[in-house]
Each structure stands twice: as structure tokens, then as C-alpha cells.
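> I have a structure here, written as C-alpha cells, and I will follow up with some questions on it.
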Amino acid sequence: PNRIALLTSGGDAPGMNAAIRATTLYALHHGIEVIGFKHGYNGLIHNEWMALDEPVVREIIGSGGTILKSARCEEFKSPAGMQQAADNLKALDIDALVVIGGDGSFIGLTKFKQFYPGQTIGIPGTIDNDIDGTDHTIGFATAVDTAVNAIDKIRDTADAFERIFLVEVMGRKSGFLALNVGIACAAEHIITFENFSNPGIELQHIASKIHRIKKSRGQCSYLIVSAENLYPGGANQLASDLADYASIECIPCVLGYIQRGGDPVAKDRILATHMGAFAVKQLLAGHTDVMIGIDGQHCLQVPLASSTKHYKEVNASLLAIQEDLQDLL
Ligand code: ATP
């Protein structure tokens with residue numbers, strides 16, 4: 009390719025800038041020109057772009073958010089929107105499009121193949137880690153750290169007042185954040201998609217555990233970490249149901265958007281650099297319609313469409329260990 013374009017789409021994730029930097033520098037190193045479309049797929053449709061060169065990306069490896077901005081774009085879901093986007097890419101002589109985003113962005117990119125004949129590559133950037141075909145997504149490690157730092161503070165006040173806190177973390181339809189954050193915070197109870205059966209059973213389960221712990225330890229702090237989009241009505245409803253069902257007073261706390269912000273931790277910067285450079289290598293080798301993943305120490309490519317087709321389960325052995333440890337409480 010002589011000229012490629014990048015964009016960031018969907019929920020922003022710390023490390024997206026590091027991926028923009030690595031892809032840009034690696035492409036420039038191989039004599040490829042780079043431009044960046046702004047505001048996700050909106051920029052493609054409305055022809056809003058900027059040139060990406062060394063000075064632009066020089067100092068962004070450690071900054072959160074994305075210099076290209078991110079957005080959702082309903083228009084891109086229509087054939088007319090996709091056609092307009094493809095026309096703009098053609099007019100700008102763009103040979104390849106690299107999209108840094110989550111599974112929705114990749115579904116869009118897969119469909120876009122019908123309109124755009126150039127090469128397409130996806131780089132997984134989402135705090136949810138919910139993309140099949142890669143051990144980790146860019147942003148996940150930072151989001152785990154951010155949530156753990158916040159919950160450590162919540163634990164301090166929970167300890168001081170011997171209170172029960174219910175913290176809801178992000179993850180969309182995936183339990184990676186909840187499980188990893190819960191383990192790192194030594195949560196007494198973790199609710200993820202994999203271990204949740206139904207609201208009634210969950211209530212019973214939590215209530216009996218809290219009563220058991222109170223008997224053995226006396227009044228103490230108790231931390232529940234839950235994935236979002238799981239218990240109907242979320243953390244507030246679960247807290248209110250616990251009060252009704254078992255007279256248990258628990259303080260709901262939805263961590264929210266702080267989980268998407270902040271400077272990327274070193275692990276995300278390194279992952280983004282690895283994936284960005286590997287993406288350019290794949291373009292040079294003529295590959296298209298693939299997503300970049302990481303498997304252990306190595307980057308690999310997987311068919312773009314397959315990354316969005318399967319539900320990626322959390323690490324079953326980690327979940328089992330957590331459950332065994334909780335039995336001791
Ligand atoms: P995250 O999960 O981190 O929020 P995401 O990429 O999954 O990121 P989505 O909002 O699901 O976020 O998708 C981002 C954008 O991808 C959408 O706003 C839309 O522009 C495009 N997109 C998603 N689904 C489709 C689809 N079925 N057809 C065309 N485009 C789509």
C-alpha cells in the first residue's frame with residue numbers, strides 16, 4: 009500500500025493513541041503515507057481527516073483517549089453511508105483502512121468489504137476484553153488498574169464503617185473486568201456472566217454468604233463486585249432487593265466512565281505498539297479482512313468476521329480458583 013487511513017471507533021480505550029502512534033510510525037518507516045479519520049466512521053462519511061506524521065504522534069504514547077476522537081455512527085449502518093465512506097476513501101487514494109475499536113466496529117468493517125475494495129485490518133481496542141481471537145485488548149489492563157485503585161479506596165471506607173459495598177464495573181456483556189478486578193480487590197463476592205444464573209438465586213446466594221460471614225467474623229466490610237448489564241436494574245436494584253429480601257443494607261456504587269479514562273499502563277502501551285506494527289506488517293504482506301490478536305507473546309491475525317462471532321468466556325480456571333477461595337470465607 010502507498011497510502012493508508014486509521015480511525016478509532018466505539019468506546020474509547022486507554023492505549024488507542026499508542027496504537028495510532030505505532031501504526032503511523034511503522035507505516036512511515038516503510039514509506040507509506042498515513043491519514044487519520046476523526047470521530048470514528050463519521051469522519052469517513054463526512055470526509056473529516058488529518059495527516060498523521062511523526063510530529064503529530066511523537067508524544068502520544070502515554071496519553072489516554074484518542075487524538076482522532078471516537079464516536080458511534082448510525083449512518084455507517086446504512087448502505088448509503090457505507091457507499092459514501094467508500095467513495096471518500098477512493099477519492100483520497102486510500103489503499104487500506106485500519107480500524108482500532110471493539111466488536112461493533114469490526115462488524116461494521118466486515119460489512120464494509122462489500123463497498124470498499126482496499127485492505128482492511130482491525131486492531132482490538134476496548135476496555136471490555138470481549139473480543140474473541142486475542143488474549144487481551146488494548147485498554148483492558150489500564151481499566152482493571154483504574155477500577156482496582158478506585159475500589160481499594162472504597163474498601164478503606166467500607167472497613168472503617170464495616171459496611172457492605174456493591175460495586176458495578178463495566179464490561180458490556182462480558183465478565184472480564186468484573187472477574188479480574190474482583191480478584192485483585194479480594195472481593196468477597198464476584199458476579200460475572202459465567203456464574204450468574206438468575207436474580208432470585210443470586211439474592212439467596214449473597215444473603216446466605218453475608219449472614220455466614222457476619223456470624224464467623226462479626227461486623228465487617230464486605231465487597232461485592234458485579235458486571236454491568238447482568239442483574240436486572242443494575243447495582244441500585246440489587247441493593248434495594250437485598251434490603252427487601254434479607255434486610256441487608258448495602259451501598260451501591262457504579263464506577264462508570266472513570267474506567268475508560270486515564271493514561272494507559274505500560275502493558276497497554278506495549279500491546280498497542282506490538283499490534284500497530286504487526287498490523288502494518290500484515291498490510292505489507294497483502295493480507296486483508298483480518299484482526300490482529302495477541303497469543304501469549306506473539307501477535308497473530310485472525311479472520312475479522314470470526315472475532316465477532318463467538319462469545320469469549322472468561323478464564324475458567326481463574327473463576328474456579330476465585331470460587332474455591334470464596335468458600336473459605
Ligand atoms: P465498545 O464495545 O468498546 O463500545 P464497539 O466497537 O463494540 O466498542 P459499537 O458502538 O458496538 O462499539 O460499534 C461502533 C460503531 O461501529 C457503531 O457506532 C457503528 O458505526 C459501527 N457498527 C456497529 N455495528 C454495525 C453494523 N451492524 N453495521 C455497520 N456498522 C456497525
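Going by full-length UniProt numbering, the sequence shown opens with residue 9, and the numbers climb by one from there. Glycine included, every Cβ here is placed at the ideal spot set by N, Cα and C.
1) Got a sec: does ligand 1 put a non-hydrogen atom nearer than 7 Å to the Cβ of Asp-140?
2) Can you tell me the Cα-Cα spacing of residue 357 and Gly-284, whole angstroms?
3) Please look up how many angstroms separate the CB atoms of Leu-250 and Leu-211, rounded, as I've assumed it's under 8 Å.
4) Quick check on this structure: which residue in Ala-313, Asp-136, Asn-55 has the alpha carbon closest to the alpha carbon of Lys-98?
5) Look up Cys-307 in the DSSP assignment and give the residues it is bridged to.
6) Within its chain, find whatever has a CB closer than 6 Å to the CB of Gly-72; leave out the 5 residues flanking it on each side and keep chain order.
7) How should Met-58 be labelled, buried or exposed, when 16 other C-beta atoms within 10 angstroms of its C-beta is the threshold for buried?
8) Following a CB-centred definition, is Gly-112 positioned closer than 7 Å to any heavy atom of ligand 1?
9) Would you mind working out which of Ala-166, Lys-46, Glu-321, Val-42 sits nearest Glu-62, comparing C-alpha positions?
10) How many angstroms separate the CA atom of Val-273 from the CA atom of Gly-19?
11) Can you list, in chain order, the residues of its chain whose CB lies under 6 Å from that of Gly-89, leaving out five sequence neighbours each side?
12) If you draw a straight line from the alpha carbon of His-295 to that of Ile-302, how long is it in whole angstroms?
13) Flag this pair as yes or no: are the beta carbons of Leu-333 and Ile-259 separated by less than 8 Å?
14) Three-state secondary structure (DSSP) at Met-24?
15) Can the beta-carbon of Ile-162 be found closer than 8 Å to that of Ile-218?
16) Please classify Asp-335: is it buried, with 16 or more other beta-carbons within 10 angstroms of its beta-carbon, or exposed?
17) Using alpha carbons as the reference points, say which of Ile-278, Leu-246, Leu-327 lies closest to His-306.
According to the data block:
1) Taking the first residue of the sequence shown as 1, we reach residue 140 at position 132. No, the Cβ of Asp-140 stays beyond 7 Å of every heavy atom of ligand 1.
2) Outside the shown range of the chain (9 to 337) lies residue 357, about which nothing can therefore be said.
3) Indexing the sequence shown from 1 puts residue 250 at position 242. Indexing the sequence shown from 1 puts residue 211 at position 203. Their Cβ separation, rounded to whole angstroms, is 7 Å, which keeps Leu-250 and Leu-211 in contact under 8 Å.
4) Taking the first residue of the sequence shown as position 1, residue 98 is located at position 90. The residue with the shortest Cα to Cα distance from Lys-98 is Asn-55.
5) Translated into positions along the sequence shown, residue 307 becomes position 299. Looking at the DSSP assignment, Cys-307 forms a beta bridge with Ile-302.
6) The sequence position of residue 72 within the sequence shown is 64, counting from 1. The residues are Pro-22, Gly-269, Gly-270, Asp-271.
7) Along the sequence shown, one-based indexing puts residue 58 at 50. When all chains shown are included, Met-58 counts as exposed.
8) Locating residue 112 in the sequence shown gives position 104, where the first residue counts as 1. Correct: Gly-112 has its Cβ closer than 7 Å to ligand 1.
9) Along the sequence shown, read from residue 1 onward, the residue named residue 62 stands at position 54. The shortest C-alpha separation from Glu-62 is found at Val-42.
10) Within the sequence shown, residue 273 is the residue found at index 265, counting from 1. Within the sequence shown, residue 19 is the residue found at index 11, counting from 1. Going by the C-alpha atoms only, they are around 18 Å apart.
11) What you label residue 89 is simply residue 81 of the sequence shown in a count that begins at 1. Ile-53, Glu-83.
12) Locating residue 295 in the sequence shown gives position 287, where the first residue counts as 1. Locating residue 302 in the sequence shown gives position 294, where the first residue counts as 1. Cα atoms of His-295 and Ile-302: separation of roughly 17 Å, rounded to the nearest angstrom.
13) Residue mapping note: residue 333 aligns to position 325 of the sequence shown, counting from 1. Residue mapping note: residue 259 aligns to position 251 of the sequence shown, counting from 1. Between Leu-333 and Ile-259, the CB-CB gap reaches or exceeds 8 Å.
14) Mapped onto the sequence shown, residue 24 falls at position 16. Three-state result, Met-24: helix.
15) Along the sequence shown, read from residue 1 onward, the residue named residue 162 stands at position 154. Along the sequence shown, read from residue 1 onward, the residue named residue 218 stands at position 210. No, these two residues do not count as a Cβ contact at 8 Å.
16) As a first step, residue 335 is located in the sequence shown; it is residue number 327 there, counting from the start. Result: exposed.
17) Taking the sequence shown and counting its residues from 1, one reaches residue 306 at position 298. For His-306, the nearest C-alpha among the options comes from Ile-278.
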